[in-house]
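Numbering (our numbering), first residue to last: 156 to 419. For glycine and all other residues, C-beta sits at the position ideal for the given N, C-alpha and C. Below is one structure, written out as C-alpha coordinates, with a few remarks after it.
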(Lines of atoms letter the chains of each structure in order from A and count residues from 1; the text may use other names and numbers.)
(Lines give C-alpha, C1' and ligand atoms only; values in the text may rest on other atoms or scores of the structure.)
Protein backbone atom coordinates (compact mmCIF):
# COMPACT_ATOMS: atom_id res chain seq x y z
CA UNK A 1 0.00 0.00 0.00
CA UNK A 2 1.35 3.45 -0.91
CA UNK A 3 1.63 5.79 2.10
CA UNK A 4 2.92 9.22 1.09
CA UNK A 5 2.11 12.91 0.77
CA UNK A 6 2.67 14.44 -2.69
CA UNK A 7 3.28 18.06 -3.68
CA UNK A 8 2.13 19.09 -7.17
CA UNK A 9 4.43 21.54 -8.93
CA UNK A 10 3.46 24.48 -11.14
CA UNK A 11 3.16 23.86 -14.87
CA UNK A 12 5.56 25.90 -17.05
CA UNK A 13 3.81 28.84 -18.69
CA UNK A 14 4.64 27.44 -22.13
CA UNK A 15 2.42 24.43 -21.39
CA UNK A 16 -0.50 26.31 -19.89
CA UNK A 17 -3.77 26.41 -21.75
CA UNK A 18 -5.52 29.67 -22.42
CA UNK A 19 -8.69 30.00 -20.35
CA UNK A 20 -11.96 29.40 -22.14
CA UNK A 21 -14.36 32.32 -21.72
CA UNK A 22 -17.52 31.34 -19.90
CA UNK A 23 -20.71 31.52 -21.90
CA UNK A 24 -23.08 34.07 -20.38
CA UNK A 25 -26.28 32.65 -19.06
CA UNK A 26 -29.35 33.83 -21.00
CA UNK A 27 -30.94 36.83 -19.44
CA UNK A 28 -33.64 35.92 -17.01
CA UNK A 29 -37.09 37.02 -17.98
CA UNK A 30 -38.93 38.97 -15.37
CA UNK A 31 -42.42 40.27 -15.13
CA UNK A 32 -41.22 42.82 -12.59
CA UNK A 33 -39.72 46.23 -13.23
CA UNK A 34 -37.26 46.35 -16.12
CA UNK A 35 -34.88 48.26 -13.83
CA UNK A 36 -34.16 45.06 -11.89
CA UNK A 37 -30.72 43.53 -12.60
CA UNK A 38 -30.52 40.55 -14.93
CA UNK A 39 -28.92 37.24 -13.89
CA UNK A 40 -25.79 36.05 -15.69
CA UNK A 41 -23.53 33.04 -15.17
CA UNK A 42 -20.37 34.02 -13.20
CA UNK A 43 -17.03 33.74 -15.00
CA UNK A 44 -15.16 30.57 -14.01
CA UNK A 45 -11.52 30.15 -15.03
CA UNK A 46 -10.56 26.75 -16.41
CA UNK A 47 -6.86 27.55 -16.73
CA UNK A 48 -4.94 24.46 -15.51
CA UNK A 49 -2.26 25.19 -12.91
CA UNK A 50 -0.89 21.82 -11.76
CA UNK A 51 1.40 19.24 -13.30
CA UNK A 52 0.36 15.59 -13.42
CA UNK A 53 3.49 14.28 -11.71
CA UNK A 54 4.00 15.19 -8.06
CA UNK A 55 6.94 15.14 -5.65
CA UNK A 56 6.80 13.08 -2.45
CA UNK A 57 7.24 15.41 0.52
CA UNK A 58 6.47 12.97 3.37
CA UNK A 59 6.48 9.19 3.72
CA UNK A 60 7.42 6.63 1.09
CA UNK A 61 5.90 3.67 -0.68
CA UNK A 62 6.06 1.37 2.34
CA UNK A 63 3.49 0.96 5.10
CA UNK A 64 5.12 1.27 8.54
CA UNK A 65 5.79 3.13 11.76
CA UNK A 66 9.39 4.30 11.36
CA UNK A 67 10.04 8.02 11.04
CA UNK A 68 10.31 7.83 7.25
CA UNK A 69 6.97 6.02 6.92
CA UNK A 70 3.28 6.78 7.39
CA UNK A 71 0.29 4.55 7.97
CA UNK A 72 -3.04 5.86 6.70
CA UNK A 73 -2.16 9.59 6.93
CA UNK A 74 -5.26 11.77 7.27
CA UNK A 75 -5.41 15.54 7.88
CA UNK A 76 -2.41 17.85 7.76
CA UNK A 77 -1.37 21.43 8.42
CA UNK A 78 1.36 23.45 6.66
CA UNK A 79 3.06 26.06 8.86
CA UNK A 80 4.54 29.36 7.70
CA UNK A 81 8.00 27.79 7.30
CA UNK A 82 6.50 25.02 5.10
CA UNK A 83 6.78 22.38 7.83
CA UNK A 84 4.05 19.78 7.27
CA UNK A 85 2.32 18.51 10.43
CA UNK A 86 0.47 15.25 9.71
CA UNK A 87 -2.18 13.28 11.59
CA UNK A 88 -0.73 9.77 11.11
CA UNK A 89 -4.01 7.97 11.76
CA UNK A 90 -2.76 4.37 11.65
CA UNK A 91 0.22 5.01 13.92
CA UNK A 92 -1.79 6.97 16.53
CA UNK A 93 0.61 9.89 16.34
CA UNK A 94 1.28 13.39 15.03
CA UNK A 95 4.46 13.72 12.98
CA UNK A 96 6.06 16.74 11.32
CA UNK A 97 8.21 16.91 8.18
CA UNK A 98 10.46 19.86 7.41
CA UNK A 99 11.18 20.84 3.81
CA UNK A 100 13.72 18.50 2.22
CA UNK A 101 13.88 16.04 5.13
CA UNK A 102 13.88 12.31 4.44
CA UNK A 103 12.47 11.50 7.87
CA UNK A 104 9.84 13.12 10.03
CA UNK A 105 9.93 14.02 13.71
CA UNK A 106 7.33 12.50 16.01
CA UNK A 107 5.59 15.21 18.03
CA UNK A 108 3.38 12.93 20.11
CA UNK A 109 4.66 9.72 21.68
CA UNK A 110 3.22 7.39 19.05
CA UNK A 111 4.21 4.36 21.12
CA UNK A 112 0.71 3.13 21.87
CA UNK A 113 -2.90 4.08 21.41
CA UNK A 114 -4.73 5.18 24.52
CA UNK A 115 -6.75 7.89 26.25
CA UNK A 116 -4.38 9.82 28.56
CA UNK A 117 -4.01 13.44 27.47
CA UNK A 118 -0.67 12.72 25.78
CA UNK A 119 -1.81 9.55 23.95
CA UNK A 120 -3.89 9.54 20.77
CA UNK A 121 -6.11 6.92 19.16
CA UNK A 122 -6.83 7.18 15.41
CA UNK A 123 -6.18 10.97 15.07
CA UNK A 124 -7.81 12.35 11.92
CA UNK A 125 -6.84 16.03 11.73
CA UNK A 126 -4.49 18.60 13.24
CA UNK A 127 -3.90 22.35 13.22
CA UNK A 128 -1.40 24.65 14.93
CA UNK A 129 -2.58 27.33 17.37
CA UNK A 130 0.08 30.01 16.89
CA UNK A 131 -0.93 31.96 19.98
CA UNK A 132 -0.04 29.12 22.35
CA UNK A 133 2.30 27.20 20.01
CA UNK A 134 0.20 24.12 20.58
CA UNK A 135 -1.54 21.52 18.46
CA UNK A 136 -5.32 21.08 18.34
CA UNK A 137 -6.05 17.49 17.32
CA UNK A 138 -9.19 15.61 16.32
CA UNK A 139 -8.63 12.47 18.40
CA UNK A 140 -11.32 10.33 16.79
CA UNK A 141 -10.71 7.07 18.65
CA UNK A 142 -11.02 8.79 22.02
CA UNK A 143 -14.03 10.86 20.87
CA UNK A 144 -12.44 14.19 21.77
CA UNK A 145 -10.53 17.22 20.54
CA UNK A 146 -7.31 17.65 22.50
CA UNK A 147 -4.78 20.47 22.79
CA UNK A 148 -1.13 19.49 23.15
CA UNK A 149 1.97 21.70 23.37
CA UNK A 150 3.69 21.63 19.99
CA UNK A 151 6.97 21.32 21.87
CA UNK A 152 7.24 19.42 25.11
CA UNK A 153 8.03 22.61 27.05
CA UNK A 154 9.36 20.60 29.99
CA UNK A 155 13.07 20.28 29.18
CA UNK A 156 15.76 21.99 31.19
CA UNK A 157 16.40 25.44 29.77
CA UNK A 158 13.02 25.83 28.01
CA UNK A 159 12.13 29.52 28.51
CA UNK A 160 8.69 31.15 28.62
CA UNK A 161 7.22 34.65 28.90
CA UNK A 162 4.05 35.57 30.75
CA UNK A 163 2.51 37.32 33.73
CA UNK A 164 2.97 36.61 37.40
CA UNK A 165 0.11 36.91 39.87
CA UNK A 166 0.01 35.82 43.52
CA UNK A 167 -2.26 33.76 45.74
CA UNK A 168 -2.43 32.29 49.23
CA UNK A 169 -1.27 28.68 49.09
CA UNK A 170 -2.43 27.75 52.60
CA UNK A 171 -6.10 27.41 51.61
CA UNK A 172 -6.03 23.62 51.19
CA UNK A 173 -4.75 20.86 48.95
CA UNK A 174 -3.12 21.85 45.68
CA UNK A 175 -3.77 20.22 42.31
CA UNK A 176 -0.71 18.06 43.01
CA UNK A 177 -2.38 16.80 46.20
CA UNK A 178 -0.05 18.56 48.63
CA UNK A 179 -0.42 21.23 51.31
CA UNK A 180 1.90 24.19 51.89
CA UNK A 181 2.41 27.30 53.99
CA UNK A 182 2.41 30.88 52.75
CA UNK A 183 6.13 31.18 53.51
CA UNK A 184 7.21 28.74 50.78
CA UNK A 185 8.49 29.62 47.32
CA UNK A 186 6.02 27.72 45.16
CA UNK A 187 3.82 28.36 42.12
CA UNK A 188 0.74 27.28 40.20
CA UNK A 189 1.29 26.64 36.49
CA UNK A 190 -1.25 27.74 33.87
CA UNK A 191 -3.67 25.00 32.76
CA UNK A 192 -2.53 25.09 29.12
CA UNK A 193 0.93 23.86 30.13
CA UNK A 194 -0.11 21.81 33.16
CA UNK A 195 -3.03 19.73 31.88
CA UNK A 196 -1.32 17.90 28.98
CA UNK A 197 0.91 16.18 31.54
CA UNK A 198 -1.98 14.91 33.68
CA UNK A 199 -2.45 11.12 33.23
CA UNK A 200 -6.02 9.77 33.23
CA UNK A 201 -7.40 13.05 34.53
CA UNK A 202 -5.62 12.74 37.90
CA UNK A 203 -3.61 15.96 38.55
CA UNK A 204 -1.99 14.39 41.63
CA UNK A 205 0.09 12.30 39.22
CA UNK A 206 1.00 15.16 36.88
CA UNK A 207 4.63 14.79 35.79
CA UNK A 208 5.25 18.52 36.37
CA UNK A 209 4.39 18.35 40.08
CA UNK A 210 7.42 19.34 42.20
CA UNK A 211 9.38 20.43 39.12
CA UNK A 212 11.58 23.49 39.71
CA UNK A 213 11.51 26.69 37.68
CA UNK A 214 13.61 29.85 37.81
CA UNK A 215 11.46 33.00 37.56
CA UNK A 216 12.88 36.40 36.61
CA UNK A 217 11.00 39.69 37.06
CA UNK A 218 11.79 43.42 37.24
CA UNK A 219 12.82 43.17 40.91
CA UNK A 220 14.82 39.94 40.91
CA UNK A 221 14.76 36.18 40.39
CA UNK A 222 13.64 33.23 42.47
CA UNK A 223 13.42 29.45 42.20
CA UNK A 224 9.94 28.02 42.76
CA UNK A 225 8.44 24.55 42.89
CA UNK A 226 5.35 23.76 40.78
CA UNK A 227 2.69 22.33 43.10
CA UNK A 228 -0.59 23.57 41.63
CA UNK A 229 -2.35 24.73 38.47
CA UNK A 230 -3.97 28.07 37.67
CA UNK A 231 -7.17 27.64 35.57
CA UNK A 232 -7.51 31.39 34.97
CA UNK A 233 -3.93 31.93 33.82
CA UNK A 234 -2.87 32.15 30.19
CA UNK A 235 -0.13 30.15 28.51
CA UNK A 236 3.22 31.20 30.02
CA UNK A 237 1.69 32.63 33.21
CA UNK A 238 2.53 31.60 36.78
CA UNK A 239 0.52 32.20 39.95
CA UNK A 240 3.20 32.63 42.62
CA UNK A 241 3.13 32.30 46.38
CA UNK A 242 3.27 35.70 48.07
CA UNK A 243 6.96 35.59 49.09
CA UNK A 244 7.99 34.53 45.57
CA UNK A 245 5.91 37.34 44.03
CA UNK A 246 7.58 39.92 46.29
CA UNK A 247 11.03 38.83 45.10
CA UNK A 248 10.35 39.12 41.35
CA UNK A 249 7.64 41.83 41.14
CA UNK A 250 7.61 43.72 44.44
CA UNK A 251 4.67 44.90 46.54
CA UNK A 252 1.65 42.59 46.55
CA UNK A 253 -0.57 45.57 45.77
CA UNK A 254 0.82 45.67 42.23
CA UNK A 255 -1.19 42.52 41.59
CA UNK A 256 0.62 41.29 38.49
CA UNK A 257 3.76 41.82 36.45
CA UNK A 258 5.72 40.56 33.45
CA UNK A 259 8.12 37.66 33.95
CA UNK A 260 10.30 35.21 32.07
CA UNK A 261 10.94 31.76 33.46
CA UNK A 262 12.60 28.48 32.58
CA UNK A 263 12.69 24.90 33.80
CA UNK A 264 15.63 23.80 35.95
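My assumption, with CB atoms under 8 Å, is that residue 254 sits in contact with residue 316. Please give the rounded CB distance.
Actually they do not touch by this definition, with Cβ atoms about 28 Å apart.
Let me know the secondary structure DSSP gives residue 401 once reduced to three states.
Here residue 401 sits in helix by DSSP.
In whole angstroms, what separates the C-alpha of residue 340 from that of residue 326?
So the two alpha carbons sit approximately 15 Å from each other.
Between 261, 377, 320, 235, which has its C-alpha nearest residue 389's C-alpha?
For the residues 261, 377, 320, 235, the minimum Cα distance to residue 389 belongs to 320.
With a threshold of 8 Å, are at least 3 pairs of Cβ atoms found where one atom belongs to the segment 237-255 and the other to the segment 275-291?
Cβ pair count under 8 Å is three or more, so yes.
So, residue 417 versus residue 313, is the Cβ gap smaller than 8 Å?
Against a cut-off of 8 Å, the Cβ pair of residue 313 and residue 417 comes out as a contact.
Does DSSP put residue 347 in a helix, in a strand, or in coil?
Of the three classes helix, strand and coil, the one that applies to residue 347 here is helix, per DSSP.
When you compare each of 222, 329, 394, 290 to residue 231 by their alpha carbons, which one comes out closest?
The shortest Cα separation from residue 231 among 222, 329, 394, 290 belongs to 290.
So what does DSSP say about residue 328, is it helix, strand or coil?
The answer is coil: DSSP assigns residue 328 none of H, G, I, E or B.
Would you kindly check if the distance between the Cβ of residue 215 and the Cβ of residue 208 is under 8 Å?
No, the Cβ-Cβ distance between residue 208 and residue 215 is not below 8 Å.
Taking just the CA atoms, how far does residue 335 sit from residue 241?
Using only the alpha carbons, I get a separation of about 43 Å.
Between residue 292 and chain B, is any beta-carbon pair separated by less than 8 Å?
As a matter of chain content, chain B is missing from the structure shown, which is built from one protein chain.
Evaluate residue 373 with the Cβ neighbour count: other Cβ atoms within 10 Å of its Cβ, from every protein chain shown; 16 or more gives buried, anything less gives exposed.
Under this definition residue 373 is an exposed residue.
Counting Cβ pairs closer than 8 Å, one from the segment 281-300 and one from the segment 393-402, do we hit at least three?
Not touching, per the Cβ criterion.
Considering only the alpha carbon of each residue, which of 239, 263, 244 lies closest to residue 257?
Nearest C-alpha to residue 257: 239.
Tell me where the beta strand (DSSP E) around residue 286 begins and ends.
From DSSP, residue 286 is part of no beta strand (DSSP E); its letter is neither H nor E.
Have a look at the DSSP bridge pairing and note the partners of residue 315.
Paired residue(s): 416.
By DSSP's criteria, residue 384 is part of a beta bridge. Which residues make up the other side?
Answer is 344.
Among 347, 235, 363, which one has its Cα closest to the Cα of residue 287?
Nearest option by C-alpha distance: 347.
Compare the Cα-Cα distances from residue 379 to each of 406, 338, 284, 354 and report the closest residue.
The shortest Cα separation from residue 379 among 406, 338, 284, 354 belongs to 338.
Per DSSP, what kind of secondary structure is residue 373 in: helix, strand or coil?
Residue 373: coil per DSSP, three-state reduction.
Report the CB separation of residue 292 from residue 344 in whole angstroms; it is logged as a contact under 8 Å.
Actually they are not in contact, since the Cβ atoms of residue 292 and residue 344 sit about 21 Å apart, beyond 8 Å.
Could you say which of 217, 385, 409 lies nearest to residue 329 if we only look at CA atoms?
Of 217, 385, 409, the residue nearest in Cα terms is 385.
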